[in-house]
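This report concerns only the one structure given below.
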Amino acid sequence: MFQSIKFKSGGEIFSLINKERGEIMKGKKIVEVGLAAIIALSGVASAAAPAFAAPDVIYPNVQSYTKDSDTFTLPKKSRLLVVSNEKTLNNEVLLRDLKRASSQLADRGVLSEAPQIVFGTLENAADNDIIVKMGTNPDLTGKNDAYAVDIKNNITISAEDETGIYYGLTSVIQMLIDSDRVLTKGNIVDYSDVEDRSFHLDCARKFFTKDWIISLIKDLSWQKYNSIQIHFSENEGFRLQSDTLEAIDGFQYVNNQYLTKQDMLEIIQVANEYHIEVIPSLDSPGHLGAVLRYLPSDYSCASLFPSDGRRAQCFNIFTNDEARGFLIDLMTEFIDFFSEAGCKRFNIGGDEFLEKFSNFSNEQYVQIMEYFNEVSAIVKSKGMTPRTWNDGVMYGNYTGYKLDPDIEICYWAAPQNCASIEKFVQNGNKVINFSDIYMYYVLSSWWLQNACPEGDRIYREWNPGKFSTLQGGIPQTYKKPYANFIKGGSYAVWCDVPGYMTQDSVANNIFYRTRATAYKMWNTSDSMPEYADVKKAFDKIGRVPGYKSILPEPGQVLYEGQSVALTIEYKNEFGQTIEPTETLYGLKDNEYTIEPKELYGYKFEKASESLTGTYKENKTITLTYKTFTDKEALAKEVNNALVIKDYIPETVKEYKEALDASKDVKEDPTAGQKKVDETLAALRTAKEKAVKAKFYKLYVEAYYPVSDAAYASGYQAYMNAVNNGKNTLKDENLDVETAEAAYNNIMNAKKALIKKAADKPTISATKGYYSWYSYNNMIDGNRNSKCWFGANQTAGDEVLFTFPSKVKLSGVNVVQADQGDILRDAEVQISADKINWTTVGTLKDTDPLEKRFDFDAQEIKYVRIYINSGYGAWYQISEVEFVLESIGEDTTLKDLIEKAKEEDLEGKTVASRDEFLEALIEAQKALVAEDIKNEEVINRLNEAIEGLVDAPVVNTDALDEAIAKANALTEEEVNKAIKKNVEVFNKALADAKAVLAKDEPTQEEIDAAVKTLNEALDGLKVLRGNPEALNSALEAASKKDESKYTAESWAALMAVVEEVKAIDLENATQKEIDKAVVKLNKAVDALEEKVVIEPEKPTVPEKPTEKPEIKPEDKKHDTVKTGDSTMILGMVALMAVSAIVYISLKRKKFN
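Numbering (the UniProt record's numbering), first residue to last: 1 to 1151.
Take a look at the structure:
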């Protein structure tokens, strides 16, 4: 048989093996050896055998790999050569990804050092380079995240965009790791089967740290996921900072563990850098128990659907407009936040808002669908695409609505009467495969024991086209290539029992599951390697480089050949960097023009060299900007600062800090406009929180209201009055009468509150409950119902019962539901403060299902069942019953507070008043917390009331008036005065304010400050003169030519010039300047010009026409002898006389 196979073509070989499969399996061991030999002999065998051949490459799972017969080994030193063109130059995203790839190659030891990143031409490429090209490629156009890899004597990665290059780089690095740098030469074309490759994280029930999430995102990107759905709201917790929720009195994040919005922005930034889209998930109108527990009871559907197990977790959007409005506001807060953060999609909920969707009337269900359409419209108005879960939308046979077809459907399960994939597609919706059968990892004993398949099952059975089966066993399966309505798939982590495992355990336990899912989402083909081989590749490739460590520095970025780098620095006039440095890359000899960008608070002034030119060589150009700040508004706020002593101390603490910071910025010449604006905004925000001491009654009641826990009705009206009181306090022009009216409204509403029955506690627990077996079943009076906790008994778990107010308790009866799930080792404990606990009984596995504990009556507020040791079983409690006795109300603290609020604080010393206010606020806090017997608090308030002291009577009207007059002056008006008087004024004003701010200023201090400030105000009437005429006169004098004037007159002018120059123009009046101008002009007029008289020339005798006859005797007497100086001396004497005449003659001359 083997001989006959040996000489057939590759296709015939495997055709024959398939045909004779039965015979081959009989001699399995021999056939395996023979098959290996056959593959070795046939270069085409691998490509021709969909059932038996090894894949082209095990990991990553590429679409096609056309191989040559040779291999390429990448040496330990290489470089990344980027082909320079308009797509690769000045591409910050590409450069970021290249730097990361450079670091990853070094981190994982693929290369001995981080390779250089060289921008150049393809002609400059060398053997062993990793080449990066970006441009049009017909083989890639229209495919998801596509790239190509050509392996010859170097490796070339090409794609049409940055995302393709990113995945190409990732694949090459992973192939090099898995193959120890030995690759088969050939060509790879790769892309994803589906557009969306998502991961869902429930960080609402369980708190995951920001750093953990960031590490997760990096690792998801390494697996080629491209989105993460972050689910931050659940019945058990709300874990993303919310302005809307923080405005609810008493609202608290579970264990104070939550992500701030800044945390989320940092997460989004890292996700963007790793090509991961962040999709926020805020479930609504259900799964909001963590929010509803802080809102009035009628905000939930509890009364509308009294028999539904999820009624208290769903907002009443049907009959309560306030509840619906609140929910819309909450959704809008985060829609706005995430849209501004650049997110593209938003999951608005839609699942399990009731236990039975059939409980709705048709009208109610239409309202639900209208709600989703409304929120969908808000999402779309912010440029995002909405998502919902599938089970609650388009349910059953309800009519009269049309779900927005733009909503993407996260299809996770197919319960009875839910909409099918086909129904959604007919409506125009696209779907994402969240199949809970395969891709749910749930922190819960039941789930992990009965569901949550390992990676091997996901790998073998699932693909993006395999959705949840409909009731009746109707499959919903679609084959590749997938239709456009299938967006992709998602793996999901849910945290039903948050404490079930640590966040690091979650990461470890999903390692293979997420990789198997990602592998199948990228490419599900007929030729798949065995899972055992894939798992080995998962292990060898491992987590993303830099998963929980800092990557090594990338190689140097160089520009050779045609690439030139221009580095642009942005500096202010002080040499400070005001904007991150930018680098422009261009082709050599191409022209460039740099347009200085507009920077807020700065004006471009100059560049270190021309902003136009030709790319020749790498260089740095510094752009200098002049700081141009308008501090007028900030100065006005600082100059008109609040008088701190007039305000309730705790309301101005933040203001004092902001004021100090504002003063520093005001005097800082280097502060830019952005810094000025931020400082001013902080100061104004803090100012809005300041409340004058005279409104203390309203403040105490508005900002320290009672909790709703103890009241059955009237609380919403009370909170309306409280919120109105808060708004009233924000009025800058608030008067005593208005404040008193707002205070009375609160007190009247407070009196109208109706208390709940004192014997009805609320329940919380460490572990969540399973399905519909809710906590309230333990106190519903029905022993046939039960609470079934959805996790094993764990040491440290508790079930906590909290009464609305203190009760007198003398017994507890615990009824458990099942002997198999009985509590093995627990204690029943009671407490008045939730800090100090008293054990009143124990629960053991040998006890009967019903056990009662009696004890001496005690005033308590809390009862808990505390588990001491773990056991591998869930636990069930049917009923917990309490034996209560009546208790009288102690009104000592309440009465004392009312007495305190009758005090008139006007005219009291600041020290005694502030102590009174602090003691009163502390007492109000204790009252709200029902700590009504706190002797320390009571004694302090009593002492503070008795300790109020009258302050000395002083009259500050004149000082107030003077300061108001001074503050009304603009800076321009003040600076018209001479400088020394401005300085006197500024000091006098500051001193006056300091006197007014003193706790107890004396009348003498006040009067002195008034006198000084008024004198300083008068001093501002002495105005600075205009030096224009003086400057003109000085300029004219400077143009005189000293050589033309006599020394005496010139010296006189210079003396006047020096005298004028010495004038302090900032302190000179117009009269003084005018006087100087006159004096200078006179000195100029007094200049005496030198006079020059030309000397007379000697007469030259006429030349005779005929030469006279000279006789010897004539020659002897008439000629001058040689060496005779008579004539020369005569000339010199004549010139001297002329000079004397020149000097002695004088006349005035003006230019």
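Ideal Cβ placement from N, Cα and C applies to all residues, glycine included.
Three-state secondary structure assigned by DSSP to residue i
i	result
Q793	strand
E160	coil
R293	coil
K487	strand
S69	strand
N572	strand
F360	coil
D283	coil
V814	strand
L1134	Low confidence applies to L1134: its pLDDT is 44, below 50, so where it sits in the model is not reliable, and the reading given next is rough at best. L1134: helix per DSSP, three-state reduction.
I17	The predicted position of I17 is uncertain, since its pLDDT is 28 and thus under 50; a value taken from the coordinates is nonetheless stated next. Three-state DSSP puts I17 in a helix.
S785	coil
T581	strand
M384	coil
V110	coil
S764	strand
D150	strand
Y655	helix
R79	strand
Nearest candidate by alpha-carbon position, reference residue i, set the options
i	options	result
V254	N235, I594, T170 and T728	N235
Q241	V676, D263, I214 and A919	D263
V814	N1067, K786, T802 and L111	K786
Q819	V149, P848, D660 and A926	P848
I945	E930, N967 and K901	K901
T839	S281, D856, E850 and K908	D856
S215	T1069, E798 and N508	N508
K1040	K1011, K1021, V1084 and T1002	V1084
L823	D833, K806 and D797	D797
S831	E850, I763, L843 and L809	L809
D759	T170, Y438 and K861	K861
F318	F360, N1067, R293 and A290	F360
D456	V497, V534 and F916	V534
R96	V722, N1067, D833 and Q556	Q556
I541	Q174, E918, A958 and N154	Q174
A749	P554, Y866, R387 and D708	D708
Nearest-angstrom Cα separation, counted from residue j out to residue i
i	j	result
A1047	A1037	15 Å
A532	N463	18 Å
D129	T622	35 Å
V93	K487	25 Å
V1057	L642	50 Å
I267	G546	16 Å
W1050	I1063	21 Å
Q793	W447	16 Å
T524	K480	8 Å
I39	L74	Legend: pLDDT at I39 = 24, less than 50; position of this residue unreliable, value from coordinates given subsequently. Going by the C-alpha atoms only, they are around 26 Å apart.
N90	L220	28 Å
K767	G396	33 Å
C343	I230	12 Å
V431	V194	11 Å
A712	P296	9 Å
Q1003	K987	20 Å
Y440	K466	14 Å
V1120	Y1045	Model confidence at V1120 stands at a pLDDT of 37, short of 50, so the residue's coordinates are unreliable; what they give is reported in the following sentence. One C-alpha to the other measures close to 44 Å.
The ligand ADP heavy atom lying under 7 Å from the CB of residue i
i	result
M394	The ligand ADP is not part of this structure, which contains no ligands at all.
Counterpart residues of residue i in DSSP-defined beta bridges
i	result
F853	V812
N347	S281 and R387
Expected contact under 8 Å - CB spacing of residue i and residue j to nearest Å
i	j	result
P285	F334	At roughly 15 Å, the Cβ-Cβ gap does not stay under 8 Å, so P285 and F334 are not in contact.
N450	A419	That pair is no contact at about 26 Å.
I578	I594	Not a contact, Cβ separation roughly 16 Å.
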